[in-house]
Amino acid sequence: MEEGPVRRILRWGSLLGSQERDVIPLGEATRTWFKISLQTFGGPAGQIAVMQRTLVDELRWIGQRRFLHALNFCMLLPGPEAQQLAIYTGWLLNGVRGGLIAGVLFVLPGAVALLVLAGLYVAYGDTGLVAAIFAGLSPAVLAIVVQAVWRIGGRALSHPGLVLIAVTSFLALAVFHLAFPLVIGAAAGAGWLLERWWPTSTTVKEETDPGPPPLIADDALHHGTASLRRNLVIVLGGLVLWLAPVSVVALLFGRDSVFVDQGVFFAGTALVTFGGAYAVLAFVAVQAVDVYHWLAPGEMVRGLGLAETTPGPLIMVVQFVAFLGAYRDPGSINPWAAALLGALLTTWVTFVPCFLFIFLGAPYVERLRDNAHLSAALTGITAAVVGVIANLAVYFALHTLFES
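The numbering used here puts the sequence shown at residues 63 to 466.
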């Protein structure tokens with residue numbers, strides 16, 4: 063019997079992680095990731111909070127410090143950090159197969175929901191009723207975010223110096239509107255300096271919860287190994303998977319088609335999305351409206367509103383942009399088919415690099431967990447993350463509670 067595409071992908075994943083073990087049954091992990099994916103409202107703050115509550119606090123699959131270590135690494139990467147955290151955690155639990163499943167499920171509900179809403183917008187010009195239904199979930203999401211700030215802050219801010227980093231990061235983002243990479247870089251440097259001046263200051267509080275120990279303890283070794291052969295397979299295979307669809311649409315529809323423009327443009331933005339979606343969406347809005355004419359003025363705001371009220375990463379708004387742009391410039395094919403193709407292609411080139419970054423870098427990050435200087439820098443980033451989530455919580459609260 064011919065091997066199906068899903069089974070083939072999982073088999074390739076098992077080859078890449080042949081020495082990796084399932085910490086929990088893959089089926090149980092898949093069901094859990096699907097449940098998490100249905101709760102990923104509220105941007106990265108809400109998404110990280112849901113994973114913290116589910117994986118660390120309730121199921122106890124992963125220790126707090128291990129979770130924060132993974133989060134710190136993801137904060138340094140371009141792209142949606144919450145999805146990358148899901149991929150990383152899925153990889154810890156079930157190897158490459160687990161990372162693939164976690165990453166795909168993390169974006170799937172939001173991609174489907176926004177695709178439907180974009181179609182309704184094109185067909186009827188308004189999605190107010192549907193958006194209002196999703197918006198009713200916002201207060202619950204806000205409560206989860208505030209709880210995450212409290213729990214992560216209580217465990218990570220174990221020294222006055224770390225509290226100062228968190229507060230400074232919050233002010234830098236909320237008041238002075240400094241660039242996110244600058245804030246994270248400064249926090250890493252501050253954590254390194256704290257470790258030199260006060261060696262005990264960058265030690266995360268030990269878990270005092272009387273519950274059972276996590277399945278992946280903070281000091282447990284990971285069985286995945288990095289090698290030159292594995293890295294070459296990931297890099298070359300990842301690049302082919304990432305860019306091959308753009309080459310295919312260029313052959314089918316010509317290099318001047320809207321699909322090639324969208325594929326190349328959004329593949330580029332996927333590599334510069336540091337600091338969350340807001341850091342790059344202003345650039346996307348200008349290009350989509352003034353340069354490519356995919357959207358009319360004001361439609362980017364409507365698309366962003368839909369993305370904020372559906373599950374999944376906020377950068378998913380680029381799917382809305384591509385849907386409308388391809389619908390309005392379909393070339394020789396049906397406008398609805400063009401819109402669907404543009405949306406799917408854009409989603410693909412936006413999220414595939416996340417898997418490449420994690421599968422390539424995670425084994426090295428795990429290997430360096432005991433490096434004191436690196437751990438200190440990442441602890442500084444952890445403190446900054448508390449400020450970042452607090453800033454996002456304030457932003458979300460303003461839009462949820464006070465926006466008319």
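In this text, a Cβ means the ideal position worked out from N, Cα and C, and glycines have one as well.
Is it buried or exposed for residue i, if we count other Cβ within 10 angstroms and need 16 for buried?
i: GLY165; result: buried
i: ALA279; result: exposed
i: SER289; result: exposed
i: PRO67; result: Caution applies to PRO67, whose pLDDT of 47 falls short of 50 and renders its modelled position unreliable; the model cannot decide the point.
i: GLY365; result: buried
i: ARG217; result: buried
i: LEU460; result: exposed
i: ALA301; result: What sits at residue 301 in the sequence shown is Leu, not Ala. That one is exposed.
i: GLY404; result: buried
i: ALA185; result: exposed
i: TRP212; result: exposed
i: GLY253; result: buried
i: VAL334; result: exposed
i: PRO274; result: exposed
i: LEU204; result: buried
i: VAL450; result: buried
i: PRO140; result: buried
i: LEU219; result: buried
i: ARG498; result: Here the chain comprises residues numbered 63 to 466, so residue 498 is not present and cannot be evaluated.
i: LEU343; result: buried
i: VAL383; result: buried
i: ARG83; result: exposed
i: GLY387; result: buried
By Cβ distance below 7 Å, which residues in the same chain neighbour residue i in space, the five residues on each side in sequence not counted?
i: VAL456; result: ALA236
i: ALA347; result: MET362
i: ILE149; result: GLY161, ALA164, GLY165, CYS416, PHE417, ILE420
i: VAL311; result: SER319, PHE321, VAL322, GLY325, LEU407
i: LEU240; result: ALA234
i: ALA424; result: TYR150, TRP153
i: PRO484; result: Nothing about residue 484 can be read from this structure; the chain reaches only from 63 to 466.
i: ALA438; result: GLY253, TRP254, LEU256, GLU257, THR264
i: PRO171; result: SER99, LEU100, PRO373, GLY374
Keeping to the same chain, check which residues put their C-beta closer than 8 Å to that of residue i; ignore five residues upstream and five downstream.
i: VAL297; result: LEU418, LEU422
i: LEU303; result: VAL414
i: TRP260; result: HIS221, GLY223
i: VAL85; result: TRP123, LEU154, LEU155, ASN156, LEU277, ILE278
i: PRO392; result: VAL320, ALA399, ALA400, ALA401
i: GLY187; result: none
i: ALA358; result: VAL351
i: VAL118; result: ILE124, GLY125, GLN126, PHE129, PRO276
i: VAL229; result: GLY449
Where does the unbroken alpha helix (DSSP H) through residue i begin, and where does it stop?
i: ARG115; result: No alpha helix (DSSP H) contains ARG115, which DSSP labels as neither H nor E.
i: ALA250; result: 242-259
i: ILE377; result: Taken as a continuous stretch (DSSP letters only), ILE377 belongs to no alpha helix (DSSP H), as it is neither H nor E.
i: PHE135; result: 126-137
i: ILE227; result: 222-236
i: TRP304; result: 290-315
i: ASN156; result: 143-186
i: ALA415; result: In the sequence as presented, Ala is not what sits at residue 415; that position holds Pro. Note, PRO415: alpha helix (DSSP H), 397-429.
i: ALA332; result: 320-332
i: THR92; result: 88-99
i: ARG364; result: 361-370
Report the CB separation of residue i from residue j in whole angstroms; it is logged as a contact under 8 Å.
i: VAL427; j: MET137; result: No, VAL427 and MET137 are not in contact; Cβ-Cβ is about 12 Å, not under 8 Å.
i: ALA257; j: ALA434; result: At residue 257 the sequence reads Glu, which differs from the Ala that was named. Indeed they touch by this definition, with Cβ atoms about 7 Å apart.
i: LEU130; j: THR444; result: 5 Å
i: LEU176; j: GLN381; result: 5 Å
i: PHE328; j: ALA180; result: Going by Cβ atoms, the distance from PHE328 to ALA180 rounds to 15 Å, so no, they are not a contact pair.
i: VAL169; j: GLN145; result: 6 Å
i: VAL411; j: ALA332; result: 6 Å
i: PHE315; j: ASN453; result: Actually they do not touch by this definition, with Cβ atoms about 42 Å apart.
Between residue i and the rest of its own chain, which residues show a CB-CB distance below 6 Å, the 5 nearest in sequence each way excluded?
i: VAL379; result: GLY365, LEU366, ALA369
i: ASN134; result: LEU440, ILE443, THR444
i: GLY215; result: VAL448
i: ALA173; result: THR409
i: ARG115; result: none
i: LEU167; result: TRP95, PHE96, SER99
i: GLU269; result: Unreliable positioning characterises GLU269 in this predicted model, as indicated by a pLDDT of 49, which lies under 50. The coordinate reading is nonetheless provided below. Same-chain partners within the cutoff: GLN126.
i: THR92; result: ILE163
i: GLN109; result: THR102, ALA144
i: VAL308; result: GLY325
- prompt: Okay, do the segment 99-113 and the segment 243-250 touch, 3+ Cβ pairs below 8 Å being the bar?
  reply: no
field: Stretch-stretch touch, CB-based, cutoff 8 Å, three pairs: the segment 102-121 with the segment 366-379
entry: Yes, the segment 102-121 is in contact with the segment 366-379.
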